[in-house]
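Q:
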Amino acid sequence: MARSLVLLSLLSLLVSVALAGLTTIEHSLKEDGSLAILVVGDWGRKGTYNQSLVAQQMGKVGKELDIDFVISTGDNFYEDGLTGLDDEAFEQSFSEIYTADSLQKPWYTVLGNHDYRGDVIAQLSPVLQMVDCRFICMRSFIVNAEIVDFFFVDTTPFVVKYWTKPKDHHYDWRDVAPRESYIANLLQDLEYSLKASSARWKIVVGHHTMRSVSKHGDTEELLQYLLPVLKTNGVDFYINGHDHCLEHISSTDSPLQYFTSGGGSKAWRGVYTSNADKVQFFYDGQGFMSLKLTECHVDITFYDVEGQELYKWSMAKINRGAFPSSASVEAERAETTT
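In our numbering, the protein residues as written are 4 to 341.
(1) Give me the Cα-Cα distance between Ser-200 and Phe-155, rounded to the nearest whole angstrom.
(2) What's the C-alpha gap between His-172 and Val-42?
(3) Taking the DSSP output, what are the residues bridged to Met-133?
(4) Do you know how far the Cα of Arg-182 is from the Cα of Thr-167?
(5) How many Å lie between Thr-51 and Ser-268 at the Cα?
(6) Whose C-beta lies closer than 6 Å to the C-beta of Ser-254 among residues of the same chain, with five residues either side of it excluded?
(7) Using the C-alpha atoms, what's the distance from Phe-153 back to Leu-189?
(8) Beta-carbon within less than 6 Å of Tyr-261's beta-carbon, same chain only, minus the 5 sequence neighbours each way: which residues are those?
(9) For a quick check, are the C-beta atoms of Ser-75 and Trp-110 less than 7 Å apart?
(10) Just how far apart, CA to CA, sit Asp-239 and Ser-293?
(11) Go ahead and label Val-64 buried or exposed: buried means 16 or more other beta carbons lie within 10 angstroms of its beta carbon, across all protein chains shown.
(12) Out of Asn-116, Met-318, Thr-304, state which residue places its alpha-carbon closest to the alpha-carbon of Glu-312.
(13) Helix, strand or coil for Ala-39? Go by DSSP, reduced to three states.
(14) Let me make sure I understand the geometry here. Which of Ser-196, Gly-266, Cys-140, Asn-79 has the alpha-carbon closest to that of Glu-250?
(15) As a quick exercise: from Val-146, Arg-177, Ile-321, pick the residue whose alpha carbon is nearest that of Thr-26.
(16) Thinking Gly-209 and Thr-158 are a contact (beta carbons under 8 Å), I'd like their distance in whole angstroms, please.
(17) Leaving aside the five residues before and after Asp-302 along the sequence, list all residues of the same chain whose C-beta is less than 6 Å from its C-beta, in chain order.
(18) With distances taken from CA atoms, which of Phe-284, His-117, Asp-221 is nearest Asp-45?
(19) To which residues of the same chain is Leu-197 closer than 6 Å at the C-beta, ignoring the five residues directly before and after it?
(20) Using DSSP's beta-bridge definition, name the partner residues of Thr-112.
(21) Note down, one range per segment and in chain order, each beta strand (DSSP E) of at least 3 residues found wholly within the stretch 167–244.
(22) Please classify Ser-303: does DSSP put it in a helix, a strand, or coil?
(23) Would you mind giving the Cβ-Cβ distance between Gly-77 and Gly-115, rounded to the nearest angstrom? I have them listed as a contact below 8 Å.
(24) Is there contact between the stretch 84–92 and the stretch 54–62, where contact requires at least three CB pairs shorter than 8 Å?
(25) Drop a sphere of 10 angstroms on the beta-carbon of Leu-226, count the other beta-carbons inside from all chains shown, and report buried for 16 or more, exposed for fewer.
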C-alpha cells in the first residue's frame, strides 16, 4: 500500500477530541461489525534477536486476519529509546522491519521504560509521522472502535525505582514530574473516561505487567493504584508487555483477564514464578498475539516466532452491558503446542 494512501487514511482517522484530558481516536469497524488486531511488545532491536522473523510472521497473520491496526505495548526502541527526531533507529527498528502490506496500518503505541531512557518528547512527536505515518505514540489516550474502547495508559511513571534508583540510566521525566501529581491526574482522567464509556468491551493497554510469572513479575505500584480502577469500572482485559514472553492469567477475585505480549524480540529468560492468580498460558519465548472482536465475542490467539498457534482463548458476552461474570468462556491450547 502506498504511503500516500495510508497517510490520507490516517489523517481522516486522527479526528480526535479531548475527553477529560485523554485524547480519543475514532477507528471504524469492518462492514460486518468486527475488528482484528495484532499486539506486539518489546521489539525495537534493529531486526536482531529474531525481531525480523517475528515481523514476517506478523505480516502473514495480519494478511490472513485482515487486521485493522496494531497495538504496541512499549519498549519500542532499545536500549535507551530514541536520541531525537533524526535518530536512524526509528527506521531501522520500525519502518525497515515491519514492511508487510498487512502491517501498513496504524500502530497505536505506548511508551515503555526503555523508551523513557531516551528523548521521550521526540518519540511522542507527530513529526515522526512524516517519516512513517503508521506510528501513533502518546502517553495516555483512547482508541474508540464503536464496540470497544482501548484505554492506553502510561505506566512507567508509576514505578518508584525508576525515580529513586535509576542506576546508570537517565529517565526523561519532562512533562511528568512531579510523579504524584502526574499519577493522580492520570488515574482521575482514566476513571472518568472508563465511567463515560458506553462501549461493549473495555480494554486497558499498558507497558508494565500487572500479573506475570516471568522475570519482572507483578508490578506492585500498578496493583496498588491502577488495578482498583480497572476492577471497579468493568474492564475486561489488561494487555501489557515488559516481560519478554506470552501469557494469559485470569484473576481469581474478579472477571479481569491479563494478557502479556512482550515477545517481539529478545526473550527466553528461563524464569517462572507462580503468583496468586490462575495462569492459563505461559510461553517463555518470542511471538505475538491477535485479537478478534465482535459485539458479543472475542477470540485471542498467541503465535510463536514461526507463526504457529500456541494457544487460543474465546469469550462470549451474553447480556448487553454485562460484565464478564455473565460471560461464557472457552479456552484451548492449539494443537501445535508441545
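Each residue gets a CB set at the ideal place from its N, CA and C atoms; glycine is no exception.
In this text the structure is predicted, and so the values were computed from the model without any measurement.
A: Looking at the coordinates:
(1) Ser-200 and Phe-155: Cα-Cα distance of roughly 14 Å.
(2) Each residue's Cα considered, the two are about 28 Å apart.
(3) None; Met-133 has no bridge partner.
(4) Looking at the two C-alpha atoms, the distance is approximately 11 Å.
(5) Thr-51 and Ser-268 have their C-alpha atoms spaced approximately 7 Å apart.
(6) Apart from sequence neighbours up to five positions away, the residues of its chain that approach Ser-254 with a beta-carbon distance below 6 Å are Asp-280, ordered along the chain.
(7) Answer to the nearest angstrom: the Cα atoms are 15 Å apart.
(8) Setting aside the 5 residues that flank it on each side, Tyr-261 is surrounded in the same chain by Met-213, Arg-214, Tyr-241, Ile-252, each with a C-beta closer than 6 Å to its C-beta; the list follows chain order.
(9) Yes. Within cutoff.
(10) Between Asp-239 and Ser-293, the C-alpha separation is close to 16 Å.
(11) So Val-64 counts as buried.
(12) The candidate whose alpha carbon is nearest that of Glu-312 is Thr-304.
(13) Shown here, Ala-39 sits in a strand according to DSSP, grouped into three states.
(14) In terms of Cα proximity to Glu-250, the closest of Ser-196, Gly-266, Cys-140, Asn-79 is Gly-266.
(15) Considering only Val-146, Arg-177, Ile-321, the residue with the shortest C-alpha distance to Thr-26 is Val-146.
(16) Right, the Cβ-Cβ distance comes to about 4 Å (below 8 Å), so this counts as a contact.
(17) Leaving aside the five residues that flank Asp-302 on each side, the residues in its chain whose CB is nearer than 6 Å to its CB run, in chain order, Lys-295, Ser-317.
(18) Taking each of Phe-284, His-117, Asp-221 in turn and checking the Cα distance to Asp-45, the smallest one comes out for His-117.
(19) Excluding positions up to five away in sequence, the list reads Asn-236.
(20) According to DSSP, Thr-112 bridges with Ser-75, Cys-140.
(21) Along the stretch 167–244, the beta strand (DSSP E) occurs as fully enclosed runs of 3 or more residues at 204–208, 240–243, listed in sequence order.
(22) Per the sequence presented here, residue 303 reads as Ile, with Ser not at that position. Here Ile-303 carries a strand assignment [DSSP, helix/strand/coil].
(23) The C-beta separation of Gly-77 from Gly-115 comes to about 3 Å, placing the pair in contact by the 8 Å criterion.
(24) Contact fails: fewer than three Cβ-Cβ distances are below 8 Å.
(25) The residue in question, Leu-226, is exposed, as its Cβ has fewer than 16 Cβ neighbours within 10 Å.
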